[in-house]
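Notes for the one structure printed next.
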Amino acid sequence: MTLRFTDEQLQYLSRNFANQDWAIVYLLTHDEDGNPIDFDALQGMIMREIHEGLTMTFESFRYRIARLEGAGAVDMVTGVRDGRSKLVRITPEGYRMYQLHEGGN
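Here you go:
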């Protein structure tokens, strides 16, 4: 996995992530049993599916996704299933941000 930023830069980009932001990253990097998924096996999730796993308004959720996208932690692809749905995927940088957040190497 090739990263565009150093660990220090990634920590800087994620320094203001709130618990809700990390919850979204967690959902994107773990299976339904809470086990971490290897980056190469990650598929992403439809926005509606992610929101169903959280307790926040959809407006707040959209803000969090935009914030994560702005920091380079996630990206979105439109039209995955029906031309309207948006698939949210963790980026290599977002995966590394989560590893650093959890204290991993």
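Under our numbering, think of the first position of the sequence shown as 165, with each following residue one higher. By construction, the Cβ of each residue, glycine as well, lies at the ideal position given by its N, Cα and C atoms.
If you check the beta carbons only, do residue i and residue j fall under 9 Å apart?
i: L177; j: A230; result: no
i: L206; j: T193; result: yes
i: S249; j: I201; result: no
Closest to residue i by C-alpha separation, out of the options, would be which residue?
i: P256; options: E213, R179 and G208; result: G208
i: D204; options: T166, E213 and V241; result: T166
Just the C-alpha distance for residue i and residue j, rounded to the nearest angstrom, thanks.
i: D239; j: Q184; result: 17 Å
i: D195; j: A187; result: 13 Å
i: E233; j: V241; result: 12 Å
i: D171; j: A237; result: 13 Å
i: T221; j: F169; result: 32 Å
i: V189; j: G247; result: 24 Å
Are the C-beta of residue i and some C-beta of chain B separated by less than 9 Å?
i: L174; result: This model lacks chain B altogether, as it is built from one protein chain only.
Which residues does DSSP list as the beta-bridge partners of residue i?
i: V252; result: M209 and M240
Residue ranges of each beta strand (DSSP E) run of no fewer than 3 residues wholly in the stretch 202-249, ordered along the chain? Look at the stretch 202-249 and you find these whole runs of beta strand (DSSP E), each 3 residues long or longer: 238-242.
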